[in-house]
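Q: Residue numbers (numbering that gives the first Met the number 0), protein chains in the order written: chain A, 0 to 600; chain B, 0 to 600.
Here a beta-carbon is modelled for each residue, glycine too, at the ideal position from N, C-alpha and C.
These numbers come from a predicted model, not from an experiment.
Protein chains: 2
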Amino acid sequence: MAESMKGLKRSHRCTEVTKAEIGSTVTLMGWVQKSRNKGGIVFVDLRDRSGIMQIIFENGDIDEQGFEKAGRLRSEFVIAVKGRVEARSGAVNPNLPTGEIEVRAIELRILSEAETPPFPIEENSKTRDEVRLKYRYLDLRRPDLQKNMMLRSQVSTLVRQFLAKEGFLEIETPTLIKSTPEGARDYLVPSRVHPGSFYALPQSPQIFKQLLMCSGYDRYFQIARCYRDEDLRADRQPEFTQIDMELSFVDVEDVLDVNERMLAFLFKEVLGVEVQLPIERMTWIDAMNRFGSDKPDLRFGMELTDVSEVVKDCEFAVFKGALENGGSVRGINAKGQGAMPRKKIDKLVEFAKGYGAKGLAYIAIGEDGTVKSSFAKFMKEEEMQALIQAMKGENGDLLLLAADKTKLVWDVLGALRLELAKQMDLLDKNEYRFVWITEFPLLEWSEEDERFTAMHHPFTMPMEEDLQYIDTEPGRVRAKAYDIVLNGNEIGGGSVRIFQDDVQEKMFEALGFTKEEAQKQFGFLLDAFKYGVPPHAGLAYGLDRLVMLMAKVDSIRDVIAFPKVKDASCLMSEAPDIVDEKQLEELGIAIVAQKEETTEE
Amino acid sequence: MAESMKGLKRSHRCTEVTKAEIGSTVTLMGWVQKSRNKGGIVFVDLRDRSGIMQIIFENGDIDEQGFEKAGRLRSEFVIAVKGRVEARSGAVNPNLPTGEIEVRAIELRILSEAETPPFPIEENSKTRDEVRLKYRYLDLRRPDLQKNMMLRSQVSTLVRQFLAKEGFLEIETPTLIKSTPEGARDYLVPSRVHPGSFYALPQSPQIFKQLLMCSGYDRYFQIARCYRDEDLRADRQPEFTQIDMELSFVDVEDVLDVNERMLAFLFKEVLGVEVQLPIERMTWIDAMNRFGSDKPDLRFGMELTDVSEVVKDCEFAVFKGALENGGSVRGINAKGQGAMPRKKIDKLVEFAKGYGAKGLAYIAIGEDGTVKSSFAKFMKEEEMQALIQAMKGENGDLLLLAADKTKLVWDVLGALRLELAKQMDLLDKNEYRFVWITEFPLLEWSEEDERFTAMHHPFTMPMEEDLQYIDTEPGRVRAKAYDIVLNGNEIGGGSVRIFQDDVQEKMFEALGFTKEEAQKQFGFLLDAFKYGVPPHAGLAYGLDRLVMLMAKVDSIRDVIAFPKVKDASCLMSEAPDIVDEKQLEELGIAIVAQKEETTEE
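1) Spell out whether any CB of chain A is found under 9 Å from the CB atom of Glu169 of chain B.
2) Report the start-end ranges of each beta strand (DSSP E) in the region 211-261 of chain A that is 3 residues or longer and not cut off at the edges.
3) With 16 as the cutoff for other CB atoms within 10 Å, does Arg127 of chain A come out buried or exposed?
4) Return the bridge partner residues of Leu168 of chain A from the DSSP annotation.
5) Of all the residues that make up the region 182-196 of chain B, which are near chain A by a beta-carbon distance shorter than 9 Å?
6) For Leu210 of chain B, go through chain A and note every residue whose CB falls closer than 7 Å to its CB, in chain order.
7) Quick one: measure Cβ to Cβ for Pro194 of chain A and Leu538 of chain A, integer angstroms, because I've assumed they're closer than 8 Å.
8) Check the DSSP bridge columns for Leu107 of chain B and list the partner residues they point to.
9) Look up Arg35 of chain A in the DSSP assignment and give the residues it is bridged to.
10) Which term fits Leu441 of chain B, buried or exposed, when burial requires 16 or more other beta carbons within 10 angstroms of its beta carbon?
11) Please report how far the alpha carbon of Tyr354 of chain B lies from the alpha carbon of Asp410 of chain B, in whole angstroms.
12) Please go through the region 455-511 of chain B and give each complete alpha helix (DSSP H) segment of 4 or more residues, from N-terminal end onward.
13) By how many angstroms is the C-alpha of Gly395 of chain B removed from the C-alpha of Leu386 of chain B?
14) Is the Cβ of Arg298 of chain A closer than 9 Å to any Cβ of chain B?
15) Give, in chain order, every residue of the region 224-246 of chain B whose Cβ lies closer than 7 Å to some Cβ of chain A.
16) Could you give the C-beta distance for Asp305 of chain B and Arg329 of chain B, rounded to a whole number, given that I count them as a contact under 8 Å?
17) Hey, is Tyr216 of chain B's beta-carbon within less than 9 Å of any beta-carbon in chain A?
18) Could you check what DSSP says for Gly610 of chain A in three-state terms: helix, strand or coil?
19) Please list, in chain order, the chain B residues whose beta carbon lies closer than 7 Å to that of Asp143 of chain A.
20) Name the residues in the region 75-106 of chain B whose C-beta lies less than 7 Å from a C-beta of chain A; which are they?
21) Terminal residues of the continuous alpha helix (DSSP H) containing Ser307 of chain B?
22) Report the residue from A:Asp243, A:Tyr540, A:Ala402 whose alpha carbon sits nearest the alpha carbon of Val310 of chain A.
23) Short of 7 Å in beta carbon distance, which residues of its chain neighbour Gly6 of chain A, apart from the five on each side in sequence? Order them along the chain.
24) Determine, using beta carbons only, whether Gly531 of chain B comes closer than 9 Å to chain A.
25) So with Cβ pairs under 9 Å, would you call Val272 of chain B a contact of chain A?
26) Run through chain B and tell me which residues come within less than 9 Å of Cys213 of chain A, C-beta to C-beta.
27) Taking just the CA atoms, how far does Ser203 of chain B sit from Tyr540 of chain B?
28) Could you check whether Glu259 of chain A and Ile483 of chain A sit closer than 9 Å to each other, using their CB atoms as the reference points?
29) Check Met301 of chain B in the structure and name its three-state DSSP category.
30) Determine the closest residue to Val558 of chain B out of B:Ser152, B:Val91, B:Gln422, B:Ser373, with distance taken between C-alpha atoms.
31) Could you tell me the distance, in whole angstroms, from the CA atom of Glu596 of chain A to the CA atom of Phe76 of chain B?
32) In the DSSP assignment, what are the bridge partners of Trp444 of chain A?
33) Would the region 506-519 of chain B and the region 89-101 of chain A be scored as touching if the rule is three or more Cβ pairs under 8 Å?
34) Taking just the CA atoms, how far does Arg108 of chain A sit from Glu599 of chain A?
35) Does the distance from the CB of Asp293 of chain B to the CB of Ala536 of chain B come in under 9 Å?
36) Examine chain B for any beta-carbon lying closer than 9 Å to the beta-carbon of Gly587 of chain A, and answer yes or no.
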């Protein structure tokens with residue numbers, strides 16, 4: 000059935016053939032996109048990764064047998080065609096790069112026949128995700144996914160090119176490492192040689208890259224596979240890829256500088272987008288106050304306003320209570336949304352409750368200036384007017400207010416702001432707004448653990464000027480940590496690392512670690528630090544998310560060749576799967592009967 | 000203790016400062032290689048990854064406090080130095096790139112102090128491997144290891160650059176995959192979400208890269224981490240790195256062509272070595288006959304001679320027996336080794352026995368032409384002379400002969416040839432001899448399984464002209480498989496893949512698989528093949544070994560930043576290690592008490 004390609008050699012990919020080739024003979028190979036017989040002529044759209052070329056089979060140009068074969072062609076057959084390039088006889092197709100030419104076949108081989116695929120191979124597939132993922136090898140034929148994979152490959156290539164030029168060495172770090180209890184849940188790998196012992200797959204190369212700095216490699220990078228055994232969200236995968244880097248003898252500005260030049264290079268080369276440098280810097284506290292988020296989307300305004308001062312004397316219990324508890328009252332102005340139906344507002348209130356708010360107060364200002372408000376009856380007229388004024392409310396605006404502990408108010412209004420932007424269609428995928436968030440808090444209070452935990456990680460350097468507060472007011476200490484945010488997504492983050500014994504010791508104290516605990520958890524890194532350690536800092540990007548934004552798609556699965564679904568399984572290969580008992584025996588492990596408690600989801 | 004680098008910015012790495020900078024001020028940062036006080040002047044060799052710069056601290060140039068600090072410097076302290084570049088006041092050091100200049104310090108900061116390291120940081124360390132590996136972060140400071148890591152980084156960068164230009168897309172394939180019982184032993188990863196199920200870490204991206212060809216990606220590559228849970232040999236690691244590629248619409252010649260151009264580019268750019276193209280091609284049978292190995296080292300001759308015909312009528316039972324059993328008698332001529340002492344020859348015999356030989360026959364020809372031989376008494380004078388002539392024996396030569404089944408004879412003499420080359424010092428690490436080995440047997444008989452097994456893998460394409468023998472004489476069928484061999488090391492290998500249903504079916508038959516078994520093991524690849532599959536072929540290199548040869552080192556551990564030792568453990572981090580009981584509970588697995596049988600080594 001399958002013919003050999005012996006004696007034929009592909010001369011071009013489909014869209015590599017141009018008008019300049021008219022009159023010459025080419026050999027193309029690819030998949031039949033579609034095939035139709037019109038008036039005794041067979042027209043075939045031939046597809047390869049470059050695009051489509053129209054092939055004409057006419058008896059006489061091609062021999063009888065070849066013409067007969069052309070008549071049998073169906074979608075997804077793999078063929079080799081030799082033919083003459085001609086100007087298109089029929090209508091020119093301005094949508095195709097090869098729309099002005101076609102190839103008149105003189106030879107045809109059917110290299111591989113194909114069953115009818117379970118869904119058509121075309122852009123913007125409407126097929127169910129489950130089917131697409133089961134037949135991922137077919138889904139990956141679709142031009143939009145191919146474009147994403149090519150873009151991803153290009154991004155990796157350019158990142159590597161840029162970093163190599165900047166003196167970064169690509170160094171591979173191990174992926175069968177030791178499990179550390181800090182951070183997310185590790186994937187474990189049982190050891191056969193040491194039964195009862197386990198490797199862990201790395202959540203990041205963090206410790207190894209810091210060791211490489213101790214070893215004098217000066218500038219390291221790696222596009223590294225990382226692993227987290229967490230319950231998956233839409234934009235998470237059990238294995239993901241980081242652009243990971245670390246630099247010696249640098250401070251915050253050096254890291255930001257090389258990274259924003261890298262981003263500018265990348266966006267220019269791949270998308271033709273000019274990133275204005277320097278990229279805007281915003282402190283964490285400013286980001287929270289203005290946008291209720293440490294990853295603010297700057298493509299639109301709708302900033303938060305702190306109205307605590309304005310409402311501090313009003314009689315509305317919700318506001319009053321929040322302020323008395325040390326919280327705040329803040330709001331956002333949804334411009335032009337004053338006529339939003341009550342039902343829709345109610346949905347926003349529900350949305351806010353999903354983020355922990357007890358409710359959401361609103362003021363709808365009609366086009367005629369009439370004010371409807373959920374809490375008007377508790378407010379004096381002048382209080383209401385002052386509030387509207389503070390929030391720059393105008394006719395036709397909808398003002399939404401939250402009152403609670405400040406952190407909660409930020410979260411609620413930050414999320415609400417994004418939700419409104421979606422509803423108001425303010426998010427343009429072709430606009431790229433970067434911002435550096437800096438001066439993160441070093442520590443955050445964990446209600447669960449009843450202690451401070453590291454906001455980034457325990458090796459993050461405090462800001463020199465705040466070090467004085469580490470014993471007395473640990474929550475006040477800011478860190479030399481930074482995130483790079485693009486369109487409301489944290490695409491990367493990092494920090495300057497502690498390289499001094501005494502600071503590290505203070506940090507562990509603040510985290511409530513004894514010396515022994517610290518040694519147990521981070522022993523070999525602390526040991527390495529005894530032998531001369533340079534000041535160093537680093538940053539890591541989530542490559543998947545970065546590519547997702549560059550490809551302007553909504554799901555991280557659309558930029559990963561063989562992604563897993565929410566339960567961390569692969570619908571195509573059916574991994575994970577049961578294994579032979581013998582394999583487990585060799586590893587010295589056994590499967591235990593499931594207890595109720597362990598099946599919690 | 001640790002000073003801040005605030006206000007200082009490194010201007011150069013040590014050896015980036017040249018004579019052109021004489022008179023200007025530079026700021027350098029790095030490690031103290033050594034420090035000595037001579038006549039009230041402190042001389043410091045400052046080291047960074049680029050090399051060494053001599054720093055002069057003299058009171059007056061630097062302030063009192065700075066000079067006092069300089070006096071305290073010890074090996075491996077990390078310092079920042081600002082100073083003026085001057086021509087060397089003392090003796091010029093022609094061994095250093097910076098040997099004609101020095102830096103007269105005007106400012107010094109001690110960024111990090113250091114304890115005395117457990118071994119000196121210098122080239123050609125004589126330190127025990129165990130200590131080096133425990134303190135790998137210090138070992139990695141040694142200039143020879145740093146050179147290796149930089150070379151490795153350069154190799155990866157250049158490979159990617161070359162392949163990107165040739166139209167290869169870098170596509171990441173998953174590493175949490177399904178376990179397949181074929182091949183080496185898998186590392187397993189227990190699934191938490193699906194208790195009782197496991198992922199496997201990939202031994203190679205083989206199936207995924209073939210799927211990508213089915214998906215139309217045309218040319219794929221990846222520098223991919225791979226895993227094999229096998230007992231380690233000197234040149235094996237549990238995780239290793241492959242340069243992996245696959246191409247569509249190609250045959251053997253296309254793969255060889257792009258790869259030898261890549262190798263030539265790489266060796267030219269990295270080592271300045273010109274690789275003559277095309278690289279020599281040798282069929283598998285020629286390689287075995289001439290060198291007793293499918294990875295022949297062509298840096299020296301000492302080829303095998305088949306003397307079966309010559310000795311077929313002699314009375315020596317060993318020769319006779321081998322020939323009667325369908326085996327052969329072959330020998331090598333160790334030129335100029337005729338005077339080898341008997342003891343040394345005995346050692347060679349023992350060496351041969353280690354490869355399964357029952358013995359080794361020899362003929363030592365004295366400088367005066369006298370012949371000593373272990374089997375002279377069984378031979379007629381003219382038979383002996385014919386044998387010597389057939390092996391081109393001359394005065395002063397040592398002829399070594401093995402008689403047994405041909406495969407064993409090849410193995411023994413192939414190994415002996417290498418051993419002699421080592422003893423005779425014929426192996427020059429600066430010489431690079433490449434050869435393609437082609438036309439491997441498709442199948443090899445497994446005594447253990449009592450069936451044919453795939454020599455490469457079950458998807459390897461048979462040569463068209465041999466397909467006729469697949470039912471009747473499966474052992475005669477040659478494959479479209481190829482290895483690239485460098486100085487006796489297989490650095491890469493691959494094959495054209497089967498893409499036709501009927502050929503694949505025949506292959507599975509030859510391997511003794513039922514259709515059901517084939518479907519169970521390779522199901523989703525076979526499914527993918529139903530929907531139109533292009534002819535495709537691929538190749539994979541062992542990056543670690545390639546870099547090892549390019550770096551001219553003997554151990555693969557010297558080109559891996561954080562290698563593991565023979566028991567697959569990391570001496571630095573002590574991975575693998577026991578984990579919390581809670582982690583195992585979450586995974587639904589338990590450690591079972593060790594049975595005797597499972598501890599076999």
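A: According to the structure data:
1) As a working mapping, residue 169 of chain B is identified with position 170 in the second sequence. Yes, contact with chain A.
2) 218-226, 238-247
3) The residue you call residue 127 of chain A lines up with position 128 of the first sequence. Under this definition Arg127 of chain A is an exposed residue.
4) Reading the first sequence from its first residue, position 169 is the one you call residue 168 of chain A. Bridge partners of Leu168 of chain A: A:Tyr219.
5) Arg184, Asp185, Tyr186, Leu187, Val188, Pro189, Ser190, Arg191, Val192, His193, Pro194, Gly195, Ser196
6) Residue 210 of chain B sits at position 211 when you count from the first residue of the second sequence. Correct list: Tyr136.
7) By one-based count along the first sequence, residue 194 of chain A stands at place 195. By one-based count along the first sequence, residue 538 of chain A stands at place 539. Wrong, their Cβ atoms sit about 39 Å apart, outside the cutoff.
8) Residue mapping note: residue 107 of chain B aligns to position 108 of the second sequence, counting from 1. Its beta-bridge partners are B:Val80.
9) As a working mapping, residue 35 of chain A is identified with position 36 in the first sequence. Answer is A:Phe42, bridged to Arg35 of chain A.
10) Mapped onto the second sequence, residue 441 of chain B falls at position 442. By the neighbour-count rule (16 or more Cβ atoms within 10 Å), Leu441 of chain B is buried.
11) Against the second sequence, residue 354 of chain B aligns to sequence position 355. Against the second sequence, residue 410 of chain B aligns to sequence position 411. Tyr354 of chain B and Asp410 of chain B: Cα-Cα distance of roughly 7 Å.
12) 500-509
13) Stepping through the second sequence from its first residue, residue 386 of chain B is reached at position 387. Stepping through the second sequence from its first residue, residue 395 of chain B is reached at position 396. Between Leu386 of chain B and Gly395 of chain B, the C-alpha separation is close to 16 Å.
14) Walking along the first sequence from the start, residue 298 of chain A turns up at place 299. Not closer than 9 Å to any Cβ of chain B, the Cβ of Arg298 of chain A fails to qualify, so no.
15) Arg224, Asp228, Pro237, Glu238, Thr240
16) Start at 1 with the first residue of the second sequence, and residue 305 of chain B comes out as number 306. Start at 1 with the first residue of the second sequence, and residue 329 of chain B comes out as number 330. Confirmed, Cβ separation roughly 5 Å.
17) Translated into the one-based positions of the second sequence, residue 216 of chain B becomes position 217. Closer than 9 Å: yes.
18) Absent from the model: residue 610 of chain A. The displayed extent of chain A is 0 to 600, so no value can be given.
19) The residue you call residue 143 of chain A lines up with position 144 of the first sequence. None at all; the shortest Cβ gap to chain B is about 13 Å.
20) Glu75, Phe76, Val77
21) Sequence index remark: in the second sequence, residue 307 of chain B carries index 308 (1-based). Unbroken alpha helix (DSSP H) run through Ser307 of chain B: 307-310.
22) The sequence position of residue 310 of chain A within the first sequence is 311, counting from 1. Of the candidates A:Asp243, A:Tyr540, A:Ala402, the one whose C-alpha sits nearest the C-alpha of Val310 of chain A is A:Ala402.
23) The sequence position of residue 6 of chain A within the first sequence is 7, counting from 1. None.
24) Taking the first residue of the second sequence as position 1, residue 531 of chain B is located at position 532. For Gly531 of chain B, the answer is yes, since a Cβ of chain A falls inside 9 Å of its Cβ.
25) If you number the second sequence from 1, residue 272 of chain B lands on position 273. Answer no: the Cβ-Cβ gap between Val272 of chain B and chain A never drops below 9 Å.
26) In the first sequence, counting from the first residue as 1, residue 213 of chain A sits at position 214. Here the neighbours are Tyr136, Leu137, Leu139, Arg140.
27) Stepping through the second sequence from its first residue, residue 540 of chain B is reached at position 541. Stepping through the second sequence from its first residue, residue 203 of chain B is reached at position 204. So the alpha carbons of these two residues sit roughly 11 Å apart.
28) What you label residue 483 of chain A is simply residue 484 of the first sequence in a count that begins at 1. What you label residue 259 of chain A is simply residue 260 of the first sequence in a count that begins at 1. Cβ atoms of Ile483 of chain A and Glu259 of chain A: closer than 9 Å.
29) Mapped onto the second sequence, residue 301 of chain B falls at position 302. Three-state DSSP puts Met301 of chain B in coil, outside helix and strand.
30) Your numbering for residue 558 of chain B matches position 559 in the second sequence. Answer by Cα proximity: B:Ser152.
31) Locating residue 596 of chain A in the first sequence gives position 597, counting from the first residue. Locating residue 76 of chain B in the second sequence gives position 77, counting from the first residue. Per-residue confidence for Glu596 of chain A stands at a pLDDT of 49, beneath the threshold of 50, marking its modelled position as unreliable; the derived number appears in the next sentence. For Glu596 of chain A and Phe76 of chain B, the distance between alpha carbons rounds to 53 Å.
32) Looking up residue 444 of chain A in the first sequence gives position 445. Answer by DSSP bridge pairing, in chain order: A:Phe451.
33) no
34) Counting from one through the first sequence, the residue named residue 599 of chain A turns up at place 600. Counting from one through the first sequence, the residue named residue 108 of chain A turns up at place 109. Confidence in Glu599 of chain A is poor, its pLDDT being 43 and thus under 50, which makes the residue's placement unreliable; the coordinate value appears in the next sentence. Roughly 56 Å between the two C-alpha positions.
35) If you number the second sequence from 1, residue 293 of chain B lands on position 294. If you number the second sequence from 1, residue 536 of chain B lands on position 537. Contact: no.
36) Your numbering for residue 587 of chain A matches position 588 in the first sequence. For Gly587 of chain A, the answer is yes, since a Cβ of chain B falls inside 9 Å of its Cβ.
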